[in-house]
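This report concerns only the one structure given below.
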Amino acid sequence: MTLPDASHDPVGAVLRALDLTADPSEPDTFEGLSLPQPQGRVFGGQVLAQALLAAGRTVPDGRLPHSLHGYFLRPGDDSAPIGFAVERLRDGRSFSARRTHALQGGAPILSMIASFQERQPGIEYAQTPPDVPDPEEVGSALDALGDVDHPMARFWAQESAFDLRHVDGSIYLRAGAQGSQGDQCVWARARGPVPDDQLLHRALLAYGCDQIMLEPVLRRAGRPWATPGLSMASLDHAMWWHRDVRVDDWLLFVQTSPSAQGGRGLGAARVFDREGTLVASIAQEGMVRVPD
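Number 347 in my numbering belongs to position 205 of the sequence shown; there are no gaps in the numbering.
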């Protein structure tokens, strides 16, 4: 299977990568390919989304993921297929739990557990978003990086499946002074239409958020992505979906970083749709190392 050129059809390339192939000889086992990355390592958001979709293909109809918790264990090779082995932990009257291991070379690169639930009535309330400019009033990654001739700049500006728009300015090339709180708001939207499949939209939210979840750590430290010698990697990821989401409409990420220490930093986000409805909450810890 050949994936399409991400620079011409970034959303189509991601959708193709997320279209897993079932192994007819092994129940609950799937295989997926990876999108090429500038550093040759599998993008963490991609393998997380694939693991969730693999788990979702084993649950009863009508049950959608409401939470996941995953650990990134090893870097993956983007030139090799990834195997996904799903373990059926429990199917209750309303909830299903699944564990998925993503494997390359017989070793796990990701271990994830997810819970799925039928739609049910219950108590209803949610936080509201801050007052920020509309996405049409905010500069994009292409505006910030369109003139930069570098593989990472081309990825962020043209090959990424998501259009990212930082309300207070991006930190690709420069960041504010160290000592700020690190809070940021980012509008995000898929660069093309996505099929009307709620499991897929939730998986794509897991995919896309991995691009920005650790940015508040850098912003609070006053370090841009372009910091020489910067080394970052996702360690673990937790996510809760509160309501249906559409990634091909604008979503507002309201982000913060409560702590960084020991070469690790924690990022947190609340995600609101264009109408101001809270659709998801996310937390991610990552390795963040900068030169002395």
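Using N, Cα and C, we set each Cβ at its ideal position, and we do this for glycine too.
For residue 277 against residue 307, the beta-carbon gap comes to about 5 Å, under 8 Å, which counts as contact. Looking at the DSSP output, residue 259 shares a beta bridge with 206, 237.
The continuous alpha helix (DSSP H) containing residue 187 extends over residues 186-198. With respect to the 8 Å criterion, residue 255 and residue 239 are classified as neighbours on the basis of their beta carbons. Using a C-beta cut-off of 8 Å, the segment 340-359 makes contact with the segment 188-207, since at least three inter-stretch Cβ pairs fall below that distance.
In the DSSP assignment, residue 282 is bridged to no other residue. If only uninterrupted beta strand (DSSP E) runs of at least 3 residues are considered, those enclosed by the segment 353-432 are 373-383, 393-403, 406-415, 420-431. Between residue 212 and residue 184, the CB-CB gap reaches or exceeds 8 Å. Per DSSP, reduced to three states, the secondary structure at residue 309 is coil, with no helix or strand assignment. Going by beta carbons, residue 237 and residue 257 fall inside the 8 Å limit. Counting along the chain, the unbroken beta strand (DSSP E) around residue 332 starts and ends at 326-332. With a contact defined as Cβ atoms closer than 8 Å, residue 333 and residue 201 miss out at about 29 Å. Residue pairing for residue 297: DSSP places it in no beta bridge.
Contiguous alpha helix (DSSP H) elements confined to the segment 151-189 occur at 152-159, taking only those with 4 or more residues. In the DSSP assignment, residue 229 is bridged to 241. Collapsing the DSSP output to three states places residue 267 in coil. Under DSSP, residue 249 takes part in a beta bridge, and its partners are 246.
Here residue 261 has 204, 206 as same chain residues with Cβ atoms under 8 Å from its own Cβ, once five neighbours each way along the sequence are excluded.
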